[in-house]
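> So the mapping is simple: the numbering used here equals the position in the sequence shown, first residue as 1, plus 15. Dumping the structure here so I can ask a few things about it.
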Amino acid sequence: MPFKNNIAAREKTPSGKIVTIPNGVDAGLFLGDYDKNKIKKILGIHKHDYCVGMIANFRKIKGPIYFLKAAAETVRKIPDVKFLIIGKDCNESGCSQKDLIDLAREDGETGFLFPAKDVDMLSEIIINFLKNYFKRALIGLQARRKIKADYNLQLLCE
């Protein structure tokens with residue numbers, strides 16, 4: 016785990032002495048059934064449009080500007096896609112809650128990794144993802160399983 020290694024190096028402590036306690040989430044929010052068309056209607060999005068979202072505490076380090084640039088590039092190639100940005104501004108210095116999506120993501124299994132600030136690659140990943148229904152369904156399923164197994168608040172509190 017990169018966080019554990021970073022802390023071990025910074026504190027000059029063997030990583031074996033560090034225990035990582037992940038942030039927990041209400042797994043029911045990710046595992047329940049929902050009517051995607053009803054949600055799209057509430058948001059004013061056509062039922063056949065794709066939706067791509069960024070969920071984060073918005074700090075410069077999260078790179079929301081690159082997400083927006085990749086969105087603009089993607090829309091030029093796939094016009095029936097809408098982009099959603101969900102989160103809160105997090106400018107206060109004490110804000111340390113991690114983006115849980117980042118913590119749960121494994122490249123190609125529950126999400127995608129790409130070089131920081133690489134708008135072209137992010138746009139390419141989004142386009143390939145939108146064009147492949149099977150990949151979208153599989154990654155969604157794997158992400159839900161990972162959340163249920165590793166980040167389920169109820170299990171972490173037992």
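Note that the Cβ used here is the ideal one computed from N, Cα and C, for glycine as well. None of the values given here were measured: they were computed from a predicted structure.
How would you write the range of the alpha helix (DSSP H) that residue 148 sits in, first residue to last?
Its alpha helix (DSSP H) spans residues 148–165.
> Are there 16 or more other CB atoms within 10 angstroms of the CB of residue 24, so buried, or fewer, so exposed?
That one is exposed.
> By the DSSP assignment, the alpha helix (DSSP H) with residue 90 in it spans what residues?
Note, residue 90: alpha helix (DSSP H), 79–92.
> List the endpoints of the continuous beta strand (DSSP E) containing residue 70.
65–73 is the extent of the beta strand (DSSP E) around residue 70.
> Can you tell me whether DSSP reads residue 96 as helix, strand or coil?
Looking at residue 96 - three-state DSSP - the assignment turns out to be strand.
> Is the CB-CB distance between residue 89 and residue 33 below 8 Å?
Their beta carbons are not under 8 Å apart, which means residue 89 does not touch residue 33 by this criterion.
> Can you tell me whether residue 101 is helix, strand or coil according to DSSP?
In this structure, residue 101 counts as strand in the three-state DSSP scheme.
> Counting pairs of beta carbons, one from the region 50–64 and one from the region 74–90, are three or more of them closer than 8 Å?
Contact fails: fewer than three Cβ-Cβ distances are below 8 Å.
> What does DSSP give as the partner residue(s) for residue 40 in the beta ladder?
DSSP, once it has assigned bridges, lists 167 as partnering residue 40.
> Mapping the DSSP letters down to three states, classify residue 18 as helix, strand or coil.
Reduced to three states, the DSSP call for residue 18 is helix.
> Check residue 129 in the structure and name its three-state DSSP category.
Of the three classes helix, strand and coil, the one that applies to residue 129 here is coil, per DSSP.
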